[in-house]
Structure formats: structure tokens, C-alpha cells
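Chains A and B, in that order, give the protein sequences.
For the first sequence, the working numbering begins at 2 and goes up steadily by one.
For the second sequence, the working numbering begins at 2 and goes up steadily by one.
Structure, as C-alpha cells:
Protein chains: 2
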Amino acid sequence: MSSHWMPAQPGEAMVDIDTPALLLDLDCFDANVERMMAAAAAAGVRVRPHAKSHKSLQIAHRQIAAGAIGVCCQKIGEAEVFLGGGIRDVLITNEIVGLRKLHRLAQLAKLFSGARLGVCVDDVGVVRQMSLICAEEDAELDVYVELDVGQNRAGVATPEEAVELAREVMRHPRLTLMGLQAYAGSAQHRRGVPERRDAASRAAAKAKQARALIREAGLPCEIVTGGGTGTYLYDARSEVYDEIQPGSFALMDFDYARNEHDADVPQFDHALFVLATVMSMRGDRVTLDAGLKAFSTDCGPARPAFAGWQVRSVSDEHTVLTRVDDSGPEMRIGAKALLVPGHCDPTVNLHDWIVAVRKGKVENIWGVDARGAVF
Amino acid sequence: MSSHWMPAQPGEAMVDIDTPALLLDLDCFDANVERMMAAAAAAGVRVRPHAKSHKSLQIAHRQIAAGAIGVCCQKIGEAEVFLGGGIRDVLITNEIVGLRKLHRLAQLAKLFSGARLGVCVDDVGVVRQMSLICAEEDAELDVYVELDVGQNRAGVATPEEAVELAREVMRHPRLTLMGLQAYAGSAQHRRGVPERRDAASRAAAKAKQARALIREAGLPCEIVTGGGTGTYLYDARSEVYDEIQPGSFALMDFDYARNEHDADVPQFDHALFVLATVMSMRGDRVTLDAGLKAFSTDCGPARPAFAGWQVRSVSDEHTVLTRVDDSGPEMRIGAKALLVPGHCDPTVNLHDWIVAVRKGKVENIWGVDARGAVF
């Protein structure tokens with residue numbers, strides 16, 4: 002069902018890329034990855050980048066070559082792609098529920114028993130079912146107890162409940178208790194620096210308390226994992242997190258760019274764009290060939306990466322721009338327009354290909370290998 | 002890049018379907034299609050359903066079996082899928098711009114020279130380029146002059162310009178002037194009946210005038226095509242449109258359901274749903290395993306198809322529901338939840354499979370064959 006049609010070939014100029022194409026500026030991408038790895042290394046934490054943002058084996062392998070220890074993902078289908086593509090350490094930062102999914106997960110763990118495959122839990126019933134199914138499938142799994150550190154989306158509510166669930170995990174020989182998942186999702190996009198820093202600090206304090214209680218109970222808690230692009234350096238310097246899970250940093254989007262800049266924290270540049278073509282034009286209205294099926298709008302429509310034009314409307318396959326003033330480029334039918342997506346993760350998921358460009362030339366075309374892996 | 006993982010097998014119960022899955026209620030779907038065909042037949046117009054909504058060969062063939070004359074689509078990649086899958090009459094209701102795309106389009110027309118392939122134009126330069134490339138590729142194309150009938154997104158502005166462009170098309174022997182594309186996109190979701198009816202009526206009047214002028218100029222205008230789910234019966238009864246292009250009617254979404262009901266116009270029922278599973282729960286908060294990668298949010302997040310619960314937040318792979326009152330179902334981890342998408346087209350595009358159910362049982366699993374065909 003994915004398209005065989007590739008929008009470009011290596012060596013081509015940007016102007017020749019078929020549209021709407023997902024573009025990755027490799028110089029920016031490389032710099033983003035380097036910046037993250039250097040900051041994490043300086044703080045003494047490992048980086049396990051979230052692969053739900055890019056869904057691409059090429060990107061995962063590049064991040065690992067730059068120092069990442071593996072990847073995170075959200076879905077079993079993503080884990081299949083990354084394990085199958087040679088990544089040896091994959092953590093599903095999510096609860097997996099239901100017989101069908103648990104069998105699939107256990108089969109995957111069995112198939113890649115030489116690699117590490119981890120999963121999160123927040124419910125005792127699911128832990129027991131997971132254990133039974135692992136026995137049936139002759140599989141073993143790494144397990145992280147998810148602790149809710151502020152998002153109220155998943156995870157046990159209190160450090161005490163984390164101890165109880167950790168104790169339960171220890172009762173099941175097929176499950177290896179690795180530690181805590183403690184992701185403060187709601188902290189990532191707090192715009193002001195003090196609020197963001199405080200939210201991260203509260204999350205770390207709660208995770209620290211849970212780790213202490215688990216260890217006091219004589220249970221192992223080797224790894225506390227969590228953190229995202231918005232709070233990564235607060236997490237890394239918290240002395241609580243052993244590894245951080247940022248995803249968007251490598252690509253960036255304008256929603257993350259809206260966060261107030263903290264002068265103490267290295268920032269990341271837009272590396273991800275949607276390239277579109279002007280397909281209709283009248284006066285000061287131009288219509289681009291990229292719409293809701295080329296970028297997500299949950300954080301607002303993609304924005305022109307150039308001055309003088311603004312988005313008037315977006316429909317399935319079109320974005321209409323109108324002229325604001327004369328500061329921008331002249332437009333004509335066939336002209337290319339670079340857009341900055343609002344939210345990188347669901348935007349990448351709309352594309353089969355990432356066109357990797359450097360200094361205006363196509364260097365490579367990478368598959369979005371785990372595109373559409375919703376199961 | 003698409004997933005080999007199928008969420009269900011024929012004969013299974015709904016409760017066993019893997020999630021998040023795109024569900025089609027076949028009884029509702031069949032009734033929607035039948036209703037549209039009957040209304041159009043009574044008004045004496047043909048139906049060319051828009052395949053951008055469903056992107057599925059199975060659905061296209063069913064609509065044709067019910068009386069549709071072919072399909073519309075927006076992209077060359079979609080036309081490839083539908084022509085390749087045996088549909089003999091495909092209209093791209095969109096302008097195709099750029100050498101790369103025009104060559105691909107001409108090659109497709111050549112490959113399927115026994116079928117009809119149409120495309121829209123609104124620019125004289127593109128018409129000339131299309132003609133040259135058709136000659137190079139030894140191809141012929143059906144051409145529709147797009148007239149802007151209120152959306153201000155594409156199309157020539159005036160009936161007079163439509164005549165000029167039609168005259169230009171006639172100069173190119175590889176291009177067959179078929180008539181007018183006149184789609185009043187902005188009329189479809191006007192909520193009040195009088196406004197919607199008026200917008201449709203203004204669109205039809207402008208198309209009528211353009212057709213008259215084209216014919217007065219001694220040029221052919223065999224077909225006026227356009228219209229959508231929101232205005233289909235006004236279009237069909239206008240005595241201007243020869244064929245209508247509704248897409249959403251077969252699936253439906255809550256954005257179309259928001260339109261004020263016109264007692265004179267047969268309406269359509271929700272046939273499309275996203276099925277999710279409760280993967281985490283605490284008190285009156287439940288977290289589902291379907292998020293931004295399982296439904297689009299451009300018309301708002303998907304809504305529970307059941308009472309007593311409302312959406313609190315949506316993230317990439319999660320939707321959090323909170324309890325409103327006691328009128329709804331009790332929830333537990335592993336329970337299934339049916340959601341109604343806000344906008345069917347970009348929601349379908351997120352899935353590889355449509356699980357076709359009838360009376361609570363899986364009848365079939367259909368591919369979303371043109372998923373991701375952005376080029």
C-alpha cells in the first residue's frame with residue numbers, strides 16, 4: 002500500500018524534487034544530534050532517542066553511530082521494524098494490552114532474544130497476563146514500571162504503587178524488572194522556562210522517590226528512563242534519570258520552537274520541512290500542492306519558511322497562501338515553497354520517504370520504515 | 002513501508018479486532034451508497050464518487066457496481082492505483098504542475114489508453130506544457146477547465162477566462178476538451194440550510210454561464226462536473242451539473258454531520274469509526290491506544306460513539322477520556338471503545354486497512370490501496 006514512487010534521486014537539486022516531499026536538512030540534523038549527544042555525555046546520561054518521531058532506520062542508525070544506546074518506540078509494529086533493521090536495544094515506552102498484542106510482543110521478544118526488548122506496565126492484571134503469554138511463547142521481556150510524573154495519561158499514580166507493581170513483576174521469572182519509565186509529557190511544551198524547569202524537577206523528584214522506595218524494598222531499579230526534547234537537559238542534570246528519550250530534537254517543529262529559550266540549554270534547529278509546489282495562482286493568492294495529507298495540523302498548519310506570505314486555509318491536498326507584504330519571494334506556478342511543520346511526529350507519519358538534502362542537493366532518500374505502524 | 006500486520010480476520014467478533022483499527026459498518030455504508038445513487042438517478046445525473054475519501058479499490062468497485070460511472074481522485078499516484086485496479090474512468094479533479102508530474106501523468110494515460118483519464122487545468126502555460134509532454138510520451142488526456150465557483154483555491158476566475166482557456170485546450174490535438182470542473186468546496190460545510198443552498202446555487206449559476214459562453218464560442222462542453230456531500234442534491238437538481246463528485250457520503254464524519262439537516266435532502270449515516278482499546282485507567286480517566294496517528298484532528302479529535310465520556314486530550318498514540326456522567330459504559334483495561342472521526346479523508350489516509358464489519362462481525366479486510374499517494 003505504500004507508494005513505490007520516489008520523489009527524488011541522489012544528486013538532484015532541491016528544485017527538482019517532486020512534491021509534496023518531506024525534506025531533512027542533513028547539516029541541521031547532524032548538528033542537532035551532535036548537540037544532544039554532547040549535552041547528555043557532559044551530564045553523564047545515556048540517550049535513547051524516541052523513534053516514533055522519525056520512524057526511520059537510517060535515522061536510528063545515525064543516532065546510534067553518534068552515541069545513542071538504542072531507540073524508544075510506542076508500538077509493537079515499530080519495534081518489529083527497528084529490531085528487524087538491526088537495532089539491538091528497543092524500549093516500547095507504552096503499555097501493551099490485550100491477548101493479540103501480548104502474543105505478538107512475546108513472539109517478537111523470542112525472535113530477537115539476542116537483543117533487548119523492553120515494555121512498560123501500569124497494571125497488575127496486564128503483568129500477570131504478560132507473564133503467562135511469555136511462558137506460552139517461551140519468551141522473556143524487560144519490564145519498566147511506568148510512574149505518572151505529571152501527565153495523567155498512563156502510569157501508576159504513586160511511588161508506593163510503583164513498589165507494589167515492581168514487586169509483582171519480580172514474581173514472574175519471564176519478566177526482568179529493569180526500572181522506571183517516568184516521562185513528563187505535559188512538561189515538554191510549557192512555554193516559560195521557570196514552569197518547564199519546575200515541571201521537570203517535580204517529575205524527577207517523584208521518580209527519585211519511587212526509585213528509593215523500590216530499592217528500600219530490596220527490589221532492583223537499575224534504570225530510570227524518561228525525558229523529552231523540551232526538558233532534556235533538566236532531566237539529564239537531575240541525577241535521577243539514567244537515560245533520556247528525546248525524539249523531536251533531531252527534526253524539530255515550530256511547536257517546540259515556541260518554547261521560551263533557556264540560555265543555559267543548547268537548542269535545536271529546524272531540520273524537517275515539507276516542500277510544496279505552487280499549482281495555482283491568482284493575484285496575491287497562491288495554492289500549494291501540500292495539505293492535510295502532507296502535514297499534521299494538530300499544532301496548527303505548516304508555515305512558510307519564508308517571509309511575506311501566510312496560510313489562509315488548508316484542505317486535504319492544498320494549502321492556500323496569501324501575501325502579507327512585499328518582503329517575501331515572488332511566486333509563480335511551478336515555484337517551490339518550503340514549509341515548517343507544526344508537529345514533526347504525525348507529519349513524518351504521513352510520508353513514505355524522507356528526502357535527505359545537504360546544501361540544496363539531494364544526498365539520499367530514506368524510507369519512513371515504520372510509517373503507519375499503529376498496531 | 003506499509004504494515005503487513007492485519008488487525009482482524011473475516012468471521013471474528015468486533016471485540017477481537019486489534020486496535021487502533023479503522024472500521025467500516027457495511028450496513029451503513031451500503032445504505033449510504035444506495036441513497037446517493039437513488040437520489041442522483043432521480044435527478045438524472047451521474048455519480049463519480051471522490052476516491053480521495055476512501056482510497057480503496059474495494060470501495061470504488063462497490064460504488065461502481067451500485068451505479069457510479071468511475072471515480073475522482075486528487076493525485077497521479079491515486080489515479081495509478083485506481084486505473085491499475087481496473088477502474089476504467091478516472092478524473093483527477095486537480096491541477097497537475099511540473100515536468101516530473103506531467104511526464105508521469107502522460108505515461109499513465111499512455112499505459113491505460115483504453116481507459117478514460119481526465120485532469121483539470123487553470124493555466125495556459127500548463128496546458129501548453131501538458132500538450133508538449135503528451136506528444137513526447139505519445140499520450141492523450143481528457144481535460145476539464147476548472148472554474149472557481151466560490152472556493153478561491155484553484156480554477157480560472159471568470160466564465161470569460163474559462164472560454165479563453167477552453168479555446169487554448171482546443172488548439173492541442175493530444176488534449177480532449179471535456180468540459181468544466183466546478184467544485185464549490187467552501188459551500189459544503191456551510192452549516193445553515195439556506196446559506197448552503199445559496200452557495201451551491203451561485204456556483205451552479207456561474208458554471209451555467211461559463212458553459213453557455215463556451216458553447217456560444219463554438220467549443221464543446223459536454224460535461225459539467227463538481228459537487229460534494231454537503232450540496233449534492235442541490236447540485237444534482239441544478240440542471241447544470243452532468244455528474245456529481247461526492248466522497249464523504251459513503252463513510253461520513255462528524256464534521257459533515259454538523260451541517261443543519263435539510264428535510265428535503267436524504268442524509269447519510271456514520272459508517273466509519275476508529276476502534277480503540279483502553280490501555281490505562283485510573284478512576285474516571287481512561288487512556289485509549291488511538292491518537293494523532295489513528296485519526297486526524299483538523300475538525301477536532303475523534304469523539305466517543307457512546308455517552309458519558311468526553312475527550313480530555315490527544316497525543317500521538319493516545320486519547321484520554323474523562324467521565325462526564327453515569328450515562329455511559331463502565332470502562333476497564335482491555336475494553337474496546339468506538340470513536341467517530343471528525344474528518345474521514347485524512348483519517349482513512351492514516352490506515353493501511355479498513356476492517357469491514359456487519360452486525361458486529363468482521364466480514365472482510367480491505368486495503369487502503371492509495372494510502373499515502375501524495376505525489
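Beta carbons are placed, not taken as given, at the ideal position from N, Cα and C, and that holds for glycine.
Over the uninterrupted alpha helix (DSSP H) stretch that includes residue i, give me the two end residues.
i, result
"B:His104", "100 to 112"
"A:Lys207", "194 to 217"
"B:Val164", "160 to 171"
"A:Ala237", "233 to 237"
"B:Phe255", "255 to 258"
"A:Val349", "345 to 349"
Comparing alpha-carbon positions, which option in the options lies nearest residue i?
i, options, result
"A:Ser328", "A:Val341, A:Ala306, A:Ala237, A:Ala67", "A:Ala306"
"B:Thr177", "B:Val157, B:Val122, B:Leu234, B:Phe296", "B:Val122"
"B:Ser187", "B:Arg212, B:Pro174, B:Asp346, B:Arg203", "B:Arg203"
"B:Leu100", "B:Ile88, B:Cys135, B:Ala158, B:Thr94", "B:Cys135"
"B:Gln10", "B:Arg372, B:Gln182, B:Trp367", "B:Trp367"
"A:Gly309", "A:Thr323, A:Ile97, A:Asn350", "A:Thr323"
"B:Val150", "B:Leu103, B:Gln210, B:Val98, B:Arg168", "B:Gln210"
"B:Ala354", "B:Arg47, B:Leu58, B:Arg36, B:Gly12", "Contrary to the premise, residue 354 of chain B reads as Trp rather than Ala in this sequence. Out of B:Arg47, B:Leu58, B:Arg36, B:Gly12, B:Leu58 has the C-alpha closest to the C-alpha of B:Trp354."
"A:Gln246", "A:Leu109, A:Ala237, A:Ala336", "A:Ala237"
"B:Tyr145", "B:Gln152, B:Glu137, B:Val127, B:Leu133", "B:Val127"
"B:Thr159", "B:Arg175, B:Asp124, B:Val91, B:Ala338", "B:Asp124"
"B:His104", "B:Asp254, B:Ser54, B:Leu133, B:Val225", "B:Leu133"
"A:Met282", "A:Tyr235, A:Glu331, A:Leu234", "A:Glu331"
"B:Met131", "B:Ala357, B:Val98, B:Phe30", "B:Val98"
"A:Arg49", "A:Val157, A:Gly248, A:Gly219, A:Ser239", "A:Gly248"
"A:Arg286", "A:Met179, A:Val312, A:Ala295, A:Gly373", "A:Val312"
"A:Ala80", "A:Ile65, A:Arg47, A:Leu118, A:Ser54", "A:Leu118"
"A:Asp28", "A:Tyr257, A:Ala251, A:His344", "A:Ala251"
"A:Leu112", "A:Glu165, A:Arg47, A:Asp139, A:Val120", "A:Asp139"
DSSP puts residue i in a beta bridge; with which residues?
i, result
"B:Ser314", "B:Val321"
"A:Gly180", "A:Tyr145, A:Ile224"
"B:Arg283", "B:Arg286"
"A:Glu274", "It is Phe, not Glu, that sits at residue 274 of chain A in the sequence shown. The partner list for A:Phe274 (beta bridge, DSSP) reads A:Leu24."
"A:Val120", "A:Ile93, A:Val144"
"A:Cys73", "A:His51, A:Leu92"
"A:Glu244", "A:Arg47, A:Thr226"
"A:Trp367", "A:Ile355"
"B:Lys362", "B:Ala14, B:Arg359"
"A:Asp299", "A:Gly301"
"A:Val157", "A:Leu148"
Name the two residues that bound the continuous beta strand (DSSP E) containing residue i.
i, result
"B:Asp1", "One cannot answer for residue 1 of chain B here, as it falls past the ends of chain B, which runs 2 to 376."
"A:Leu92", "90 to 96"
"B:Ala357", "354 to 359"
"A:Ala67", "Neither: A:Ala67 is in no beta strand (DSSP E) and is coded neither H nor E."
"B:Glu138", "Looking at the DSSP string, B:Glu138 is not in any beta strand (DSSP E); the run it does join, the alpha helix (DSSP H), is 125 to 138."
"A:Val341", "337 to 341"
Roughly how many angstroms separate the alpha carbons of residue i and residue j, rounded to a whole number?
i, j, result
"A:Trp6", "B:Asp265", "45 Å"
"A:Ser3", "B:Val194", "Here the model assigns A:Ser3 a pLDDT of 47, short of 50, so the residue's position is not dependable, and the following value carries that caveat. Taking the straight line from one Cα to the other gives about 40 Å."
"B:Arg359", "A:Ala291", "36 Å"
"B:Leu276", "B:Arg191", "29 Å"
"B:Glu141", "B:Ala107", "7 Å"
"A:Asp317", "A:Pro302", "12 Å"
"B:Arg212", "B:Arg259", "33 Å"
"B:Gly85", "A:Cys300", "37 Å"
"A:His352", "A:Leu293", "12 Å"
"A:Thr1", "B:Asp270", "Any question about residue 1 of chain A goes unanswered here, given that chain A covers just 2 to 376."
"B:Ala380", "B:Val325", "Any question about residue 380 of chain B goes unanswered here, given that chain B covers just 2 to 376."
Throw me the rounded Cβ distance for the residue i and residue j pair, which I believe falls under 8 Å.
i, j, result
"A:Val82", "A:Asp370", "5 Å"
"A:Ile93", "A:Gly71", "Actually they are not in contact, since the Cβ atoms of A:Ile93 and A:Gly71 sit about 12 Å apart, beyond 8 Å."
"A:Arg333", "A:Val279", "7 Å"
"B:Met38", "B:Gly361", "With a Cβ gap of about 26 Å, B:Met38 and B:Gly361 do not count as contacting."
"A:Leu273", "A:Leu25", "6 Å"
"B:Arg154", "A:Val321", "6 Å"
"B:Arg63", "B:Pro267", "Not quite, the Cβ-Cβ distance comes to about 19 Å (not below 8 Å), so this is no contact."
"A:Val157", "A:Ala205", "That pair is no contact at about 17 Å."
"B:Gly227", "B:Ala183", "4 Å"
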